[in-house]
Amino acid sequence: MCRTRRRLRRRAVAGGLLASLIATSVPGCVREALLVIGHAVGAKPVAIAVVTDDPLAAANPFSAYADLRHALALELGRPVAVDFCLPFQAAPYLESGLYQFALATPSQFSRLSAAAAPRVLAASADAAGNPTRSALLLVRGDAGLQSVADLRGRPIALGKVGDCRTHHAAVCLLGAQGVVQEPGPLALLTPGHSLTHVDDPSAALRDLLSRKFDAAFVDAKFWATLPTDAADQRISQSQFRILGRTAALPDALLLASPRADEATLRRVRDFMLAAHQRNAKVLDALQIERWIEPPESLITTCRETVRAADRGLAPPGEPSAP
Numbered sequence: 240m241c242r243t244r245r246r247l248r249r250r251a252v253a254g255g256l257l258a259s260l261i262a263t264s265v266p267g268c269v270r271e272a273l274l275v276i277g278h279a280v281g282a283k284p285v286a287i288a289v290v291t292d293d294p295l296a297a298a299n300p301f302s303a304y305a306d307l308r309h310a311l312a313l314e315l316g317r318p319v320a321v322d323f324c325l326p327f328q329a330a331p332y333l334e335s336g337l338y339q340f341a342l343a344t345p346s347q348f349s350r351l352s353a354a355a356a357p358r359v360l361a362a363s364a365d366a367a368g369n370p371t372r373s374a375l376l377l378v379r380g381d382a383g384l385q386s387v388a389d390l391r392g393r394p395i396a397l398g399k400v401g402d403c404r405t406h407h408a409a410v411c412l413l414g415a416q417g418v419v420q421e422p423g424p425l426a427l428l429t430p431g432h433s434l435t436h437v438d439d440p441s442a443a444l445r446d447l448l449s450r451k452f453d454a455a456f457v458d459a460k461f462w463a464t465l466p467t468d469a470a471d472q473r474i475s476q477s478q479f480r481i482l483g484r485t486a487a488l489p490d491a492l493l494l495a496s497p498r499a500d501e502a503t504l505r506r507v508r509d510f511m512l513a514a515h516q517r518n519a520k521v522l523d524a525l526q527i528e529r530w531i532e533p534p535e536s537l538i539t540t541c542r543e544t545v546r547a548a549d550r551g552l553a554p555p556g557e558p559s560a561p
């Protein structure tokens with residue numbers, strides 16, 4: 240009877256902690272409390288971080304990642320805690336092993352400290368298994384521009400700040416042609432700069448047509464959604480010309496802490512690689528169609544592109560032709 244009461248008391252404490260977490264949802268606290276909950280019920284959770292640049296975008300990770308938590312917990316036979324953290328938190332938590340795994344963009348991954356030394360287990364891919372795509376550098380169809388280098392000194396729309404394609408890879412492409420000569424982080428702070436971030440690609444293309452910009456970067460996935468031609472006032476591909484393409488990068492990477500045990504690492508990796516066939520629902524919240532094992536060349540491209548963009552340089556092999 241005493242043992243039963245102690246068990247019920249532990250579960251009540253755990254339930255109270257969880258309810259408090261849902262009510263407050265404080266960034267950086269979810270992980271610690273979920274670990275306490277796991278130990279309270281006698282099991283060690285597997286902690287997975289979703290790295291975000293915007294804490295408000297992941298203010299309530301419980302419902303969004305419920306399918307992933309439940310399915311992976313069944314696979315591992317252990318509780319799974321899916322937490323979110325800011326980029327500066329990811330490195331020390333991965334290094335220490337408090338997070339065994341993390342989901343991050345190529346930009347976030349490339350900025351992790353060397354001490355964190357995460358292992359890349361998988362890269363996101365489309366339904367056909369293609370892990371990468373480019374951003375396209377567009378100009379108006381009637382523009383007289385013939386090369387990327389012709390854009391020197393002209394107003395150009397980049398995508399959302401931190402986007403690996405329409406920001407970092409875009410700066411690399413411009414740097415390769417001498418269009419951007421300032422160090423990457425300072426380029427947008429220089430008086431009279433020609434680069435402007437526009438979060439909405441449709442807005443960027445409308446501004447391009449109105450001649451606010453002479454060129455704009457859009458993700459190839461967005462470009463594919465535009466009609467080839469349109470008789471009404473809708474934006475269409477026929478109104479633009481592709482002047483260049485950036486390096487091709489994936490949407491996300493699955494990382495493992497250097498302290499993750501090999502058996503759990505293999506099981507999590509195998510679960511993720513087979514999720515599109517066995518547990519497609521777990522990928523919905525991540526907006527990922529499937530995971531694949533990344534070649535080392537892809538990991539190198541991710542690192543070099545982002546780091547080169549931060550220096551305002553171009554990595555080796557940076558493409559420029561349409």
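Take the sequence shown: its letters are residues 240 to 561, numbered as in the numbering used here.
The beta carbon of each residue, even a glycine, is placed where N, CA and C say it ideally should be.
- In this structure, LEU377 sits near LEU482, with a CB-CB distance shorter than 8 Å.
- No residue range can be given for CYS403, since it is assigned to no beta strand (DSSP E) and is classified by DSSP as neither H nor E.
- In the three-state reduction of the DSSP assignment, LEU448 falls in the helix class, which pools H, G and I.
- In the three-state reduction of the DSSP assignment, ASP523 falls in the helix class, which pools H, G and I.
- Rounded to the nearest whole angstrom, the CA to CA distance from ILE395 to PHE452 is 5 Å.
- Residue range 285–290 is occupied by the beta strand (DSSP E) that includes VAL285.
- In this structure, the beta-carbon distance from ALA524 to ASP306 falls below 8 Å.
- For THR435, the enclosing beta strand (DSSP E) begins and ends at 434–436.
- Listed in chain order, the alpha helix (DSSP H) elements of length 4 or more contained wholly in the region 494–539 are 501–512, 514–517 and 520–523.
- In the structure shown, the three-state DSSP call for GLY414 is helix.
- With respect to the C-alpha of VAL437, the residue from PRO370, ASP381, ARG372 and ASP402 having the closest C-alpha is ASP402.
- Runs of alpha helix (DSSP H) with 4 or more residues, each lying fully within the region 292–339, are found at 300–303, 305–315 and 326–335, listed in chain order.
- Look at ALA491 here: in three-state DSSP terms it is coil, with no helix or strand label.
- Taking ALA310 as reference, the option from MET511, THR467 and THR503 with the minimal CA-CA separation is MET511.
- Annotation: ASP293 to LEU434 spans about 22 Å, alpha carbon to alpha carbon.
- By the Cβ-count criterion, GLN385 is exposed, with fewer than 16 other Cβ atoms from all chains shown falling within 10 Å of its own Cβ.
- Note that the C-beta distance between ALA409 and PHE456 is below 8 Å.
- Burial is judged here by how many other beta carbons sit within 10 angstroms of a residue's own beta carbon; THR467 has fewer than 16 and is exposed.
- Taking C-beta separations shorter than 6 Å and ignoring five residues to either side along the sequence, the partners of ALA459 in its chain run ARG372, SER373 and LEU375, following chain order.
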